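Visitor:
2 protein chains.
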Amino acid sequence: MNSGTIQLDQGSGGRATHELVQDLFVNLLENEYLREMNDSALVEVQGGQIAVTTDSYVVDPIFFPGGNIGSLAVHGTVNDLAMCGAKPLYLTAGFILEEGLPLELLGQIVASMAEAAREAKVLIVAGDTKVVPRGKADKIFINTAGIGIVPPGVRIGGHYAQPGDAVLINGTIGDHGMAVLCKREGLTFENEIQSDSASLNDLVAKMLDASPHIHVLRDPTRGGVATTLNEIAQQSGVGIRLFDESLPIREDVAGACELLGLDPLYVANEGKVLACVPADSAALVLEAMQSHPLGKRACQIGGVVATDTGRVFLRTRIGGHRLVDMLRGEQFPRIC
Amino acid sequence: MNSGTIQLDQGSGGRATHELVQDLFVNLLENEYLREMNDSALVEVQGGQIAVTTDSYVVDPIFFPGGNIGSLAVHGTVNDLAMCGAKPLYLTAGFILEEGLPLELLGQIVASMAEAAREAKVLIVAGDTKVVPRGKADKIFINTAGIGIVPPGVRIGGHYAQPGDAVLINGTIGDHGMAVLCKREGLTFENEIQSDSASLNDLVAKMLDASPHIHVLRDPTRGGVATTLNEIAQQSGVGIRLFDESLPIREDVAGACELLGLDPLYVANEGKVLACVPADSAALVLEAMQSHPLGKRACQIGGVVATDTGRVFLRTRIGGHRLVDMLRGEQFPRIC
Numbered sequence: 131m132n133s134g135t136i137q138l139d140q141g142s143g144g145r146a147t148h149e150l151v152q153d154l155f156v157n158l159l160e161n162e163y164l165r166e167m168n169d170s171a172l173v174e175v176q177g178g179q180i181a182v183t184t185d186s187y188v189v190d191p192i193f194f195p196g197g198n199i200g201s202l203a204v205h206g207t208v209n210d211l212a213m214c215g216a217k218p219l220y221l222t223a224g225f226i227l228e229e230g231l232p233l234e235l236l237g238q239i240v241a242s243m244a245e246a247a248r249e250a251k252v253l254i255v256a257g258d259t260k261v262v263p264r265g266k267a268d269k270i271f272i273n274t275a276g277i278g279i280v281p282p283g284v285r286i287g288g289h290y291a292q293p294g295d296a297v298l299i300n301g302t303i304g305d306h307g308m309a310v311l312c313k314r315e316g317l318t319f320e321n322e323i324q325s326d327s328a329s330l331n332d333l334v335a336k337m338l339d340a341s342p343h344i345h346v347l348r349d350p351t352r353g354g355v356a357t358t359l360n361e362i363a364q365q366s367g368v369g370i371r372l373f374d375e376s377l378p379i380r381e382d383v384a385g386a387c388e389l390l391g392l393d394p395l396y397v398a399n400e401g402k403v404l405a406c407v408p409a410d411s412a413a414l415v416l417e418a419m420q421s422h423p424l425g426k427r428a429c430q431i432g433g434v435v436a437t438d439t440g441r442v443f444l445r446t447r448i449g450g451h452r453l454v455d456m457l458r459g460e461q462f463p464r465i466c
Numbered sequence: 131m132n133s134g135t136i137q138l139d140q141g142s143g144g145r146a147t148h149e150l151v152q153d154l155f156v157n158l159l160e161n162e163y164l165r166e167m168n169d170s171a172l173v174e175v176q177g178g179q180i181a182v183t184t185d186s187y188v189v190d191p192i193f194f195p196g197g198n199i200g201s202l203a204v205h206g207t208v209n210d211l212a213m214c215g216a217k218p219l220y221l222t223a224g225f226i227l228e229e230g231l232p233l234e235l236l237g238q239i240v241a242s243m244a245e246a247a248r249e250a251k252v253l254i255v256a257g258d259t260k261v262v263p264r265g266k267a268d269k270i271f272i273n274t275a276g277i278g279i280v281p282p283g284v285r286i287g288g289h290y291a292q293p294g295d296a297v298l299i300n301g302t303i304g305d306h307g308m309a310v311l312c313k314r315e316g317l318t319f320e321n322e323i324q325s326d327s328a329s330l331n332d333l334v335a336k337m338l339d340a341s342p343h344i345h346v347l348r349d350p351t352r353g354g355v356a357t358t359l360n361e362i363a364q365q366s367g368v369g370i371r372l373f374d375e376s377l378p379i380r381e382d383v384a385g386a387c388e389l390l391g392l393d394p395l396y397v398a399n400e401g402k403v404l405a406c407v408p409a410d411s412a413a414l415v416l417e418a419m420q421s422h423p424l425g426k427r428a429c430q431i432g433g434v435v436a437t438d439t440g441r442v443f444l445r446t447r448i449g450g451h452r453l454v455d456m457l458r459g460e461q462f463p464r465i466c
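Chains A and B supply the protein sequences, listed in that same order.
Using the working numbering, you'd call the opening residue of the first sequence number 131 and step up by one each time.
Using the working numbering, you'd call the opening residue of the second sequence number 131 and step up by one each time.
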């Protein structure tokens, strides 16, 4: 493990990232919280439980249709908190700026962060700014860490999927990754593909109002829906079946994926939540999702089964099944 | 403000950093916590108060005498929590890695973080890893955010210095900055200058045990002792007098500073704490500092006065006074 050098695919969010994180970070930093491998860590503070998370953002380009690195840095971290059922409260923001970055761009990015924070009802309470010489970073990198409170009794995490659960999603897949990639590569279509980047905490609160019995919530960011479902299947020791014909994909995203030879199941999302919900609550939760602005195209895309533990299969339109593995290699770097 | 580009001195920790933070971040992200401008924000969670802080580390070189970017990232954030009297509990760690970074180096860095966390009795509970293509970052950048609990009744911050307070420090100044700079520039002396990088939470706990009436604690990192004392003078609306003859400086650090034309008052420290303490508690606190391994050379270096508010003066050995301003311009980038 400790030979060789860091490769791009170790930042993909797929299998190589998981191996690096497990072999190096989790082993060396060893503690019960880190080992859980959820979007946020749940820790005890002042007699209650809080959720803690961190993410660095290195997206290229820093402005893309539907957002920029600043709004993304708020949405992404708010979502990691929401995914364990926490109410996001406070964020920190650490900026690494490249000498020569236009102040006007920085101002726009910070204004977007402020707006995203207001919308998500979180406060950015602490910050840090570093500047590195020209050529030592690429324009701007942002780290946001987040803190939220976990209501008593809430128990949501990647380990809790159960056979029989319905797998729900709040809308179309692959929008963020394709918006960033098309912008970066200068690909234009009739309508510009928009990122789905958004804070999901309000949607998740509505879902939990509809049923407190949600087992798993997770946002399929780097590595896409396929990788995230593999994580859940492995953590919970279950199998997951996806229904190909039910996967919601925008026509332009599907077209761009086809053009570039990408599978939308592996393309990053930044405003989507996957939920594993007991069958008897699924209709209620789905209804709550569909009645929310961020869940209009919510639907069931699969189910949890007791067989093929740790694996995800796609039932194709013609009735076959194909294994949907974690992302291997790097589809494209710097998508978030 | 929103014209021009980011300059290196805006990351120096001195006047240019303060102006950028105030004009852009604090104004746009506007909230009561951020406005306090202390090393950590104090926020309400679960009915109690917690301290929250963040710092990104971009030090060059990533290994220096006395530490590396990993140990530094733990020490620095632990210290920011300790400076508001909080007991540090949890850290997050966000890594931005450059493609091609040797895994062996990464392993050493993460092992140093683990060791520093163990020593400081904090847990690293959440993490994130991004990889950017070769040339888009410089080897490794680390962000650590931290959470601590603030004991009830503790009220320590940059606003609370009072005329009559003694200004104490736990040891020699300028060690970290000169250790990094000499390593970077290939300057060698008879004895290699060692960074003072260390977690100060245990020392601070002993100081608070000695007297709960400490007004201000702050670690003089970027911008050095001079800049930190200026911050305190401005936040508290007081003047500060330094006694030149009492400033503890290692001979090799003083020599290196002279050689390079640097003023040690502006050189970064990573294991030092400045304390403003009521005169009647000063002897007790100083004794507690001196009996701790990290405070053997602790001493009083000045006092707080009611005149010259917002300013720091140095009383020279020949009896004159000179104004000690905040750091202007950039002494040298990427020191932490």
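Beta carbons are placed, not taken as given, at the ideal position from N, Cα and C, and that holds for glycine.
Note that the structure is predicted; figures quoted are calculated from it, not measured.
Could you tell me which residues DSSP pairs with B:Asp-185 in its beta bridges?
Guide: Answer by DSSP bridge pairing, in chain order: B:Thr-274.
Visitor: Just tell me which of A:Leu-414, A:Phe-373 and A:His-422 has its CA closest to the CA of A:Leu-453.
Guide: That would be A:Phe-373, whose Cα lies nearest to the Cα of A:Leu-453.
Visitor: Less than 7 Å between C-beta atoms, sequence neighbours within five positions excluded: which residues of the same chain meet that for B:Arg-441?
Guide: Around B:Arg-441: Ala-363, Gly-369 and Leu-453.
Visitor: Alpha carbon to alpha carbon, how far is A:Leu-211 from B:Leu-219?
Guide: Whole-angstrom Cα-Cα distance: 19 Å.
Visitor: Quick one: any contact between the stretch 418 to 431 of chain B and the stretch 346 to 353 of chain B, if contact means 3 or more CB pairs under 8 Å?
Guide: Judged by Cβ distances under 8 Å, the stretch 418 to 431 of chain B makes no contact with the stretch 346 to 353 of chain B, as fewer than three pairs qualify.
Visitor: I need the DSSP call for B:Asp-258, collapsed to helix, strand or coil.
Guide: Residue state, collapsed to three classes: strand.
Visitor: Ordered along the chain, which non-local residues of its own chain (more than five positions away) have a Cβ less than 7 Å from that of A:Ala-256?
Guide: These residues qualify, in order along the chain: Thr-222.
Visitor: Taking C-beta to C-beta, are B:Pro-394 and B:Gly-304 nearer than 7 Å?
Guide: Yes, these two residues count as a Cβ contact at 7 Å.
Visitor: Three-state secondary structure (DSSP) at A:Pro-423?
Guide: Three-state DSSP puts A:Pro-423 in a helix.
Visitor: From the DSSP output, in three-state form, read off B:Ala-296 for me.
Guide: Here B:Ala-296 sits in strand by DSSP.
Visitor: When you compare only the Cα positions, how much space is there between B:Gly-545 and B:Ile-431?
Guide: In the structure displayed, chain B extends from 131 to 466; residue 545 of chain B sits before or after that span and is not available.
Visitor: With H, G and I counted as helix, E and B as strand and the rest as coil, what does DSSP make of A:Phe-373?
Guide: DSSP places A:Phe-373 in strand when its eight states are reduced to three.
Visitor: Tell me, which residues are paired with B:Cys-406 by DSSP?
Guide: Answer by DSSP bridge pairing, in chain order: B:Val-297 and B:Val-346.
Visitor: For A:Val-173, which of A:Arg-285, A:Phe-443 and A:Glu-315 has the nearest alpha-carbon?
Guide: The option with the nearest alpha carbon to A:Val-173 is A:Arg-285.
Visitor: Measure from the C-beta of B:Glu-229 to each C-beta in chain A and report whether the shortest distance is under 7 Å.
Guide: With 7 Å as the cut-off, B:Glu-229 counts as an interface residue toward chain A.
Visitor: Taking the C-alpha atoms as reference points, what is the distance between B:Asn-281 and A:Phe-462?
Guide: The sequence as given places Pro at residue 281 of chain B; Asn does not occur at that position. Straight-line Cα distance between these residues: approximately 47 Å.
Visitor: Excluding five sequence neighbours on each side, which residues of the same chain lie with their C-beta closer than 7 Å to the C-beta of A:Val-188?
Guide: Taken in chain order, the residues that qualify are Phe-271 and Arg-464.
Visitor: Between the beta-carbon of A:Leu-416 and the beta-carbon of A:Ala-405, is there less than 7 Å?
Guide: Contact: no.
Visitor: Three-state secondary structure (DSSP) at A:Ala-250?
Guide: If DSSP states are grouped into helix, strand and coil, A:Ala-250 belongs with the helices.
Visitor: Could you compute how far the alpha carbon of B:Asp-438 sits from the alpha carbon of B:Thr-183?
Guide: Going from the Cα of B:Asp-438 to the Cα of B:Thr-183 covers about 31 Å.
Visitor: Below 8 Å on the Cβ atoms is my guess for A:Leu-231 versus B:Thr-135; work out the distance and round it to an integer in Å.
Guide: Indeed, because the Cβ distance is near 6 Å, the residues count as touching under 8 Å.
Visitor: Should the stretch 196 to 205 of chain B be regarded as contacting the stretch 230 to 246 of chain B, the criterion being three or more beta carbon pairs within less than 8 Å?
Guide: They touch, by the three-pair rule.
Visitor: What number of angstroms, rounded off, separates the C-alpha of B:Val-156 from the C-alpha of B:Asn-209?
Guide: Taking the straight line joining both Cα atoms gives about 22 Å.
Visitor: Helix, strand or coil: how does DSSP classify B:Gly-224 here?
Guide: Three-state result, B:Gly-224: strand.
Visitor: Helix, strand or coil: how does DSSP classify B:Val-175 here?
Guide: Correct three-state label for B:Val-175: strand.
Visitor: Using three-state DSSP, classify A:Lys-266 as helix, strand or coil.
Guide: It is coil, neither helix nor strand.
Visitor: Closest to A:Gly-237 by CA distance: which of A:Glu-375, A:Ile-192, A:Gly-177 and A:Tyr-290 is it?
Guide: Of the listed residues, the one whose Cα sits closest to A:Gly-237 is A:Ile-192.
Visitor: A:Gln-365 lies in the alpha helix (DSSP H); which residues open and close that run?
Guide: Segment 354 to 366, the alpha helix (DSSP H) holding A:Gln-365.
Visitor: Check this for me: beta carbons of B:Asn-159 and A:Ile-254, under 7 Å apart or not?
Guide: Correcting the residue type first, residue 159 of chain B is Leu in the shown sequence and not Asn. Yes, the Cβ-Cβ distance between B:Leu-159 and A:Ile-254 is below 7 Å.
Visitor: Exposed or buried, A:Arg-371, counting other C-beta atoms within 10 Å across all chains shown (16 or more means buried)?
Guide: Counting Cβ neighbours within 10 Å, A:Arg-371 comes out buried, since at least 16 surround it.
Visitor: Could you list the residues in the stretch 340 to 366 of chain B with a C-beta less than 8 Å from some C-beta on chain A, going in chain order?
Guide: If the cut-off is 8 Å between Cβ atoms, the stretch 340 to 366 of chain B has nothing near chain A.
Visitor: Whose C-beta lies closer than 8 Å to the C-beta of B:Gly-301 among residues of the same chain, with five residues either side of it excluded?
Guide: Around B:Gly-301: Asp-326, Pro-378, Gly-401, Lys-402, Leu-424, Gly-425, Lys-426, Arg-427 and Ala-428.
Visitor: Can you tell me whether B:Pro-394 is helix, strand or coil according to DSSP?
Guide: In the structure shown, B:Pro-394 sits in a helix (DSSP, three-state: H, G or I).
Visitor: On the DSSP bridge assignment, give the partners of B:Cys-471 in chain order.
Guide: Beyond the ends of chain B as shown, which are 131 and 466, falls residue 471 of chain B; an answer cannot be given.
Visitor: Looking only at DSSP bridge pairs, what is A:Thr-135 linked to?
Guide: Its beta-bridge partners are B:Pro-232.
Visitor: Between the Cα of A:Val-204 and the Cα atoms of A:Ala-267, A:Asp-169, A:Val-262 and A:Ala-275, which residue gives the shortest distance?
Guide: Ranking the options by Cα distance to A:Val-204, first place goes to A:Ala-275.
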